[in-house]
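Residue 113 in my numbering sits at position 112 of the sequence shown; the count goes up by one each step and never skips.
To start, the structure under review is shown below, and the notes come after it.
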Amino acid sequence: MMLADSAEVAYNHEALFVQSCEKAHRVLAMMQDSFSRHFATAANAFSVAFINTFVLPHMWTNASAMPQAAYHPHMGAERCEVLVQLLNRLLEDRWQKQLYVAEIGVGFGCTSACLLESIPHLQLTSIDPFTTPPWEQDHFANVRQRLRKYGVRSTLVQDFSDQAASVHTQALDLVFIDRDHSYEGAAADLRDWSPHVRPGGLVAGHDAAFPGVIRALSEHVSSLNVTLHFGLDNMWWYKAK
Ligand SMILES: C[S@@+](CC[C@H](N)C(=O)[O-])C[C@H]1O[C@@H](n2cnc3c(N)ncnc32)[C@H](O)[C@@H]1O
2 MMLADSAEVA YNHEALFVQS CEKAHRVLAM MQDSFSRHFA TAANAFSVAF
52 INTFVLPHMW TNASAMPQAA YHPHMGAERC EVLVQLLNRL LEDRWQKQLY
102 VAEIGVGFGC TSACLLESIP HLQLTSIDPF TTPPWEQDHF ANVRQRLRKY
152 GVRSTLVQDF SDQAASVHTQ ALDLVFIDRD HSYEGAAADL RDWSPHVRPG
202 GLVAGHDAAF PGVIRALSEH VSSLNVTLHF GLDNMWWYKA K
């Protein structure tokens, strides 16, 4: 009975994972196939309005020097698509095809799996303590199982991002910051992980809609003299110097 119960629980978690990834991809495919023209127009208008109304005023009040900003509404509708385009552009500039990326905050592993699937020479380090109830150890085991098929290209680190940053040694082409979206979390990740990105690489993240993220980002870039880029799905990124 106990065994049957735990097998059932494990099955449900796996099903939940698959459903959530597949649902995201189905919704995306539907938007692209059926409504691409209308969606792109609406998304473009929405994203520009959103950034002008919410993002930039936040930055103006929080940063002494307003960074230059650019909007990219046609780089894909969700975060994995945007990241794949960014990584493919990085590849255009070099003969070496290997790319090193870290994802901070893995969740169900949807973005990790999508990136590994989409970019054949990607080496991805996915970092998450997996302490979020109610999944905890089952959650970690399910994500590990999901990413196992990518072999040595995937390194899953069960740790807090500050701890992982303190022992990380490989220079990164891109870091994708996507954990708790608090000011403290985003500021700490920008501080701890941006030094790991090679010059010309990208510091990127999700959820530019969160006030804490915008505040941390505006403070972080205020002295860097970089252009801050925004895409759909609340993506942001800048080029490391
Ligand atoms: C929004 S989810 C990540 C979604 C994922 N990036 C994706 O695109 O599918 C946020 C994750 O951040 C993780 N997290 C929370 N605190 C963290 C920390 N200190 N270090 C690393 N990850 C953390 C949570 O466990 C959670 O899984």
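Note that the Cβ used here is the ideal one computed from N, Cα and C, for glycine as well.
All values derive from a computational prediction rather than experimental measurement.
Just tell me which of Gly201, Leu175, Glu220 has its CA closest to the CA of Glu185.
Per the Cα distances, Glu220.
Determine whether the Cβ of Arg199 lies closer than 8 angstroms to any Cβ atom of chain D.
Of the chains in the structure shown, none is chain D; there is only one protein chain.
Ordered along the chain, which non-local residues of its own chain (more than five positions away) have a Cβ less than 7 angstroms from that of His182?
Cβ neighbours of His182 beyond the five flanking positions: Asp208, Phe211, Gly213, Val214.
At a cut-off of 7 angstroms, would you count Gly202 as near ligand 1, judging by its Cβ distance to the nearest heavy atom?
No; taking the cut-off as 7 angstroms, the Cβ of Gly202 has no heavy atom of ligand 1 nearer than that.
For Pro68, which residues from the same chain have a beta carbon less than 6 angstroms from its beta carbon, with the 5 sequence-adjacent residues on both sides left out?
Closer than 6 angstroms at the Cβ level, and outside the excluded window around Pro68, lie Val222, Leu229.
Give the residues whose C-beta lies closer than 5 angstroms to at least one heavy atom of ligand 1, in chain order.
Output, sorted by chain position: Gly106, Gly108, Cys111, Thr112, Asp129, Thr133, Phe161, Ser162, Asp179, Arg180, Asp181.
What did DSSP end up calling Val222 once you bin it into helix, strand or coil?
In this structure, Val222 counts as helix in the three-state DSSP scheme.
Give me the Cα-Cα distance between Leu175 and Trp237, rounded to the nearest whole angstrom.
Distance between the alpha carbons of Leu175 and Trp237 is about 12 angstroms.
What residue ranges within the region 121–172 form continuous beta strand (DSSP E) runs of no fewer than 3 residues, ordered along the chain?
DSSP runs (the beta strand (DSSP E)) wholly in the region 121–172: 123–128, 155–158.
Cα separation between Val158 and Ala78?
Each residue's Cα considered, the two are about 28 angstroms apart.
Tell me the rounded alpha-carbon separation between Thr112 and His197.
Taking the straight line joining both Cα atoms gives about 20 angstroms.
Under 6 angstroms Cβ to Cβ from Leu88, same chain only, skipping five residues before and after it: list those, please.
Hits under 6 angstroms: Leu100, Ile120.
If distances are taken between C-alpha atoms only, which option among Ile178, Arg145, Ala71, Val83 comes closest to Ile105?
When only C-alpha atoms are compared, the closest one is Ile178.
Could you check if Gly232 is buried or exposed, using at least 16 other CB atoms within 10 Å of its CB as the buried criterion?
Result: buried.
Residues in the same chain with beta-carbon distance under 7 angstroms from Cys115, minus the five sequence neighbours each way, listed in chain order, please.
If we look at Cys115 and ignore the five residues flanking it on each side, its Cβ neighbours are Cys81.
Let me check one thing: in DSSP terms, what residues is Trp238 bridge-paired to?
Bridge partners of Trp238: Ala205, His230.
Between the Cα of Gly110 and those of Gln86, Lys242, Ser155, spot the shortest distance and give me the residue it belongs to.
Closest option to Gly110, Cα to Cα, is Ser155.
So Ala166 packs on Trp194, CB below 8 angstroms; how close in whole Å?
Between Trp194 and Ala166 the Cβ distance is about 6 angstroms, and since that is below 8 angstroms, they are a contact.
Compute the beta-carbon to beta-carbon distance between Thr132 and Ala103, rounded to the nearest angstrom, for a pair I have assumed lies under 8 angstroms.
So it is not a contact: roughly 19 angstroms between Cβ atoms.
Please classify Gln164 as buried or exposed, where buried requires at least 16 neighbouring CB atoms within 10 angstroms.
Label assigned to Gln164: exposed.
Would you decide whether Ala205 is buried or exposed? Buried here means 16 or more other CB atoms lie within 10 Å of its CB.
Buried: at least 16 other Cβ atoms inside 10 Å.
Return the bridge partner residues of His73 from the DSSP annotation.
The partner list for His73 (beta bridge, DSSP) reads Gly232.
Helix, strand or coil: how does DSSP classify Arg95 here?
Of the three classes helix, strand and coil, the one that applies to Arg95 here is coil, per DSSP.
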